[in-house]
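Quick note on our numbering: the sequence shown kicks off at 308 and runs consecutively. Since the structure comes first, as structure tokens, the remarks are kept for the end.
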Amino acid sequence: MLKLLLTAIKDNSLPPWDRLGLENDLFALCRTRLVPGHDVLKVVKAFSNETINTVWNDLISNTSLVGATLQYTYCYPSFEASVTTCDFYPWKMCQGILTFL
Numbered sequence: 308m309l310k311l312l313l314t315a316i317k318d319n320s321l322p323p324w325d326r327l328g329l330e331n332d333l334f335a336l337c338r339t340r341l342v343p344g345h346d347v348l349k350v351v352k353a354f355s356n357e358t359i360n361t362v363w364n365d366l367i368s369n370t371s372l373v374g375a376t377l378q379y380t381y382c383y384p385s386f387e388a389s390v391t392t393c394d395f396y397p398w399k400m401c402q403g404i405l406t407f408l
């Protein structure tokens, strides 16, 4: 089922409010350990063609929250490498800001 959702996210055939709700719910489920983190990262990478600023804002906020939670753990370098290799423009703009913070 996740594969079907990934294609709908990649080609923006899923409406923006559904993309927003899906990524927000997945991050919440990940924080409660009901969804594995690697599944969430697969979904994050599927947002490379996202065009809606509200979705970007929420995606970056949720990703930053997970990063802050993992910051002093052994798995943070893997998380950081996985997220920073995502090839989407708004994330590249925010990398400098997040590094500064």
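Beta carbons: idealized from backbone N, C-alpha and C, even for Gly. Since we're looking at a predicted model, the values are computed, not measured.
- Following the DSSP letters along the chain, one finds Thr376 inside the alpha helix (DSSP H) bounded by residues 360-377.
- In the three-state DSSP reduction, Glu357 falls in the coil class, being neither helix nor strand.
- DSSP places Arg340 in no alpha helix (DSSP H); its state is neither H nor E.
- Residue environment: Asn369 is assigned as buried (16 or more neighbouring CB atoms within 10 Å of its CB, all protein chains considered).
- For Thr314, the uninterrupted alpha helix (DSSP H) segment begins and ends at 309-317.
- Within the same chain, Cβ atoms closer than 8 Å to the Cβ of Val342 are found at Leu333, Leu336, the five residues on either side in sequence being excluded.
- A residue is called buried when at least 16 other Cβ atoms come within 10 angstroms of its Cβ; Glu387 does not meet this threshold and is exposed.
- Exposed is the label assigned to Leu372, since fewer than 16 other Cβ atoms lie within 10 Å of its Cβ.
- The DSSP-derived three-state label of Leu321 is coil.
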